[in-house]
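Sequence lines, in order, name chains A and B. Just so we're aligned: 158 in the numbering used here is position 157 of the first sequence, and the numbers increase by one with no gaps anywhere. Just so we're aligned: 364 in the numbering used here is position 319 of the second sequence, and the numbers increase by one with no gaps anywhere.
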Amino acid sequence: MGAARLKPALRDEGARLGFRLTLPAQILVLFISVFPLLMQLYISVTDWSPLSGLGWWNAWEMWNSFANYTDLAADARFWSALKRTAIVMIVCVPAEFLLGLSLATLFADDFPGKRIFYSILLMPMMVVPAVAGYMFFMLFQSGGPVNDILSAISGTQVTIAWLSDPTLALIAVMIADIWQWTPLMFLILLAGLVGVPEDQMKAATLLGANPWQRFTTIVLPKMKTIIIIALAIRVIENFKIFDTLYIMTGGGPGVATETISVYIYKVTTQDLIWGYVAAIALAILIVLSIVAVFAMKRMARARQVPA
Amino acid sequence: MSAIQLRNLTKTFGDFTALKTMDLDIADGEFMALLGPSGCGKSTTMNMIAGMEEPTSGRILFGERDMAGVPMGRRGVGFVFQNYAIFTHMTVRQNLAYGPRMRRAAKAEIDRRVGAIAELLQLTPLLDRKADRLSVNILQRVAIGRSAIMEPAIFLLDEPLSNVDAAFRAVMRIELKQLQRQFRQTMVYVTHDQLEAMTMADRIAVMDHGVLQQVGTPLEVYNNPVNVFVARFIGAPGMNLLKGRPAESDRGLVVDLRPLGITPPLPDELAATLRGARGDVLYGFRPEQVALAQDGRGLAMPVTFVERIGARTIVHLGQGEGAVKAVFDNDVGLAIGQTAVVAPDASSVRVFDASSGVAMKAG
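Now the structure itself:
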């Protein structure tokens, strides 16, 4: 008996009961997601800071008529941090994707020692990011292992000051991110790769497709959804890059590796202008939401089936 | 040339022997069924013909050409998988065009060939349908079309009807056979279903435990099984086999099926063969080739079960090693507990050596 066939009064009764039963869950959702968002929105149009002596609910007394947003639009440090974040993302995510996909292709077949290599390959992902940051901080010291290896290869004493040079510091930070997050990409893509039906691969081979053709005509289309998921996860995560980077460079030298998260952290803890922080965070949320919506749309299109 | 020759073909997986020294000649344009229970080596044989597996030893020749080292993409075989392996992310058109596209045929050429094959297989109205929402008979046609467009000299089909429900299977069998008549290619068809093999194949290769048991036309295999395995495997129900010993009687040579009694006299040629033989034999007759007889003219056996399957009635007689089945018309008046006297049709009786299981040939 479907709900549509119930009498209207009974249906309303059911709906009311449903509402009452889900009320606790709804209140919970309200507190963990809607309430903080509204609070953020509220604070973002004031000059409130925890040192102002006012409770946050009284922040309206410090109303500044959207000055935070106009400041933000003119904040060169914000825009350069945003640009830097974008550069890191444009380099790291494709690099992680290509490396992850290559490794996944390799691991889709059997080879001796596969299980051991598999475990080793997943280890970076399990290292606490702060620890990874410290590891790379040590590796990239001017007297550190990276320079030692370069010295051994080139035969001359190499003393590159990796973390003190604005460009090299950014490169070092990106290498650390790629090292840590390629395994995640690898893991997701491997799951997608082993899901490609083997008999369809055989059929393609019998029809004369070479390995590259099989990859582009069968493997990639079959993995479309999972590729989009993997990329979306890494784009969103990479946008928030912080812990490893902060331990390695602290956003320095100067602001050379200052990404959005580092910038927000500094404004929050050093400048303590929380109304402004709220405005930045909200602006970023909007950017990320647009990315997410775009990704979801692509995903939906990939999955849709014509009638 | 698209005849297939298998020469001393063997395949082992570690300690397991999947195929023991197989020799088989498949003629150009022939429909050959590889028939056997699961694990008999029929799929292994076909995979080796397709190049998906390497033979452990022996040779595979297409015409005069040795296929050793020829990769599967270059053997010119069409392969229809058990589940069809249709590219579900493509349309019917893209599936059909896949082979020529991979060989970088010109666009116009691909369109022409796809159009022609779609017309032949009645797929034209479905060309732009996504392949993941097609019914199984259309999937079968797409799978065949996708291979046929490459104009392979040899078609290999791996149990293509095993995922289809029984009612539909009859339709598909006829469709497949008609398609083979259209394409006139050499077809190798792997199946465990004797009905498929019997109805479609020109010849059947019966296999068991990695050994080729018998090759012959469906009627040869049915009428003259070379051994006990083929006798039991072919036919539904399979041939009845009763253990006994040849004995002389006043009506000629009979088989003494102690304690069931003696059989009707054997035909002269068979009797001649048996007179020179020693030891126990298996007396074989088809359940379909049995008549009810008067007392003393056949084997008197108790009816243990009656299966009425519509057009006919299968009567189970006797128990244990002496159990046989007999197929009668549906109006046969037998019930459980009664005793029936059955006489096998003399010309259809086959005798096998009891120890080796090999058929004892008349004459």
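Ideal Cβ positions, reconstructed from N, Cα and C, are used throughout, including at glycine. Remember, it's a predicted structure, so these values are computed and weren't measured experimentally.
Residues sharing a beta bridge with residue i, DSSP
i         : result
Ile359(B) : Glu352(B) and Val372(B)
Gly261(B) : Ile249(B)
Ala327(A) : The shown model of chain A, from 2 to 308, leaves out residue 327(A), and the question about it has no answer.
Met346(B) : Ala385(B)
Gly297(B) : Ser294(B)
Ile219(A) : According to DSSP, which records beta bridges pairwise, Ile219(A) is partnered with nothing at all.
Asn272(B) : Val403(B)
Thr136(B) : Lys175(B)
Phe61(B)  : Phe58(B)
Met67(B)  : Leu54(B)
Arg110(B) : Phe107(B)
Test item: CB-CB of residue i and residue j under 8 Å
i         : j         : result
Ala399(B) : Leu302(B) : no
Ala163(B) : Gly190(B) : yes
Tyr266(A) : Asn69(A)  : no
Gly118(B) : Ser47(B)  : no
Thr62(B)  : Gly255(B) : yes
Pro197(B) : Gly96(B)  : no
Ser50(A)  : Trp275(A) : yes
Gly363(B) : Pro347(B) : yes
Trp143(A) : Thr157(A) : In the sequence as displayed, the identity of residue 143(A) is Ser instead of Trp. Contact: no.
Val159(B) : Ala142(B) : yes
Leu319(B) : Leu344(B) : no
Arg235(A) : Val94(A)  : yes
Arg410(B) : Asn375(B) : Residue coverage of chain B in this structure runs from 46 to 408, which leaves residue 410(B) outside it and unanswerable.
Val35(A)  : Asn65(A)  : no
Val251(B) : Val275(B) : yes
Met186(B) : Leu201(B) : The question names Met, yet the displayed sequence has Arg at residue 186(B). Not closer than 8 Å, so no.
Cβ of residue i within 8 Å of any chain A Cβ
i         : result
Phe126(B) : yes
Arg148(B) : yes
Tyr328(B) : no
Arg191(B) : yes
His134(B) : yes
Tyr234(B) : no
Gly39(B)  : Since the displayed chain B opens at 46 and closes at 408, residue 39(B) lies outside it and no answer follows.
Tyr267(B) : no
Gly144(B) : yes
Ala198(B) : no
Ala130(B) : yes
Val122(B) : yes
Met112(B) : no
Met195(B) : yes
Leu51(B)  : no
Phe58(B)  : no
Residue-level contact to chain B via CB, residue i, 8 Å cutoff
i         : result
Ile274(A) : no
Gln271(A) : no
Leu208(A) : yes
Asp111(A) : no
Ala204(A) : yes
Pro198(A) : yes
Arg12(A)  : no
Pro222(A) : yes
Leu189(A) : Inspection of the sequence shows that residue 189(A) is occupied by Ile rather than by Leu. Closer than 8 Å: no.
Ile117(A) : no
Ile219(A) : yes
Val306(A) : Confidence at Val306(A) is low in this model, with a pLDDT of 42, below 50, so its placement is unreliable and no value can be given for it.
Boundaries of the beta strand (DSSP E) in which residue i is found, first to last residue
i         : result
Met232(B) : Thr231 to Thr236
Pro332(B) : Here Pro332(B) belongs to no beta strand (DSSP E), and DSSP marks it neither H nor E.
Ala292(B) : Asn285 to Ser294
Phe76(B)  : Phe76 to Leu80
Ile199(B) : Ile199 to Asp203
Asp398(B) : Arg395 to Asp398
Arg104(B) : Ser102 to Phe107
First through last residue of the alpha helix (DSSP H) which encompasses residue i
i         : result
Glu154(B) : Lys152 to Leu165
Thr57(B)  : No alpha helix (DSSP H) contains Thr57(B), which is instead part of the beta strand (DSSP E) from Ile49 to Phe58.
Val377(B) : No alpha helix (DSSP H) contains Val377(B), which DSSP labels as neither H nor E.
8 Å Cβ cut-off: residues of chain C touching residue i
i        : result
Ala95(B) : Chain labels in this structure do not include chain C; the protein chains are A and B.
Subject >> Given 8 Å, three or more beta-carbon pairs between the segment 161-177 of chain A and the segment 78-92 of chain B >> reply: Because the criterion of three Cβ pairs below 8 Å is not met, the segment 161-177 of chain A and the segment 78-92 of chain B do not touch.
Original post:
Given 8 Å as the limit, is there contact between the segment 286-295 of chain A and the segment 113-126 of chain A, that is, 3 or more CB pairs closer than that?
Top reply: Counting C-beta pairs with one atom in each stretch, the segment 286-295 of chain A and the segment 113-126 of chain A have fewer than three that are closer than 8 Å, which means they do not touch.
Original post:
On the three-pair Cβ rule with 8 Å, is the segment 180-195 of chain B touching the segment 207-215 of chain A?
Top reply: Counting C-beta pairs closer than 8 Å gives three or more between the segment 180-195 of chain B and the segment 207-215 of chain A, which meets the contact rule.
Original post:
Can you find at least 3 beta carbon pairs, one from the segment 323-340 of chain B and one from the segment 286-293 of chain B, that sit closer than 8 Å?
Top reply: Touching, yes, given that three or more Cβ pairs across the two stretches are closer than 8 Å.
**OP:** Indicate whether the contact test is met: 3 or more Cβ pairs, each with one atom in the segment 224-234 of chain A and one in the segment 252-269 of chain A, closer than 8 Å.
**Re:** A contact between stretches requires three or more CB pairs, one per stretch, nearer than 8 Å, and the segment 224-234 of chain A fails this requirement with the segment 252-269 of chain A.
Original post:
Just checking, does the segment 96-106 of chain B make contact with the segment 47-60 of chain B on the three C-beta pairs under 8 Å criterion?
Top reply: Short answer: they touch.
**OP:** Evaluate contact between the segment 52-67 of chain A and the segment 243-254 of chain A, counting only Cβ atoms and requiring at least three cross-stretch pairs below 8 Å.
**Re:** Fewer than three Cβ pairs drawn from the segment 52-67 of chain A and the segment 243-254 of chain A lie within less than 8 Å of each other, which leaves the two stretches out of contact.
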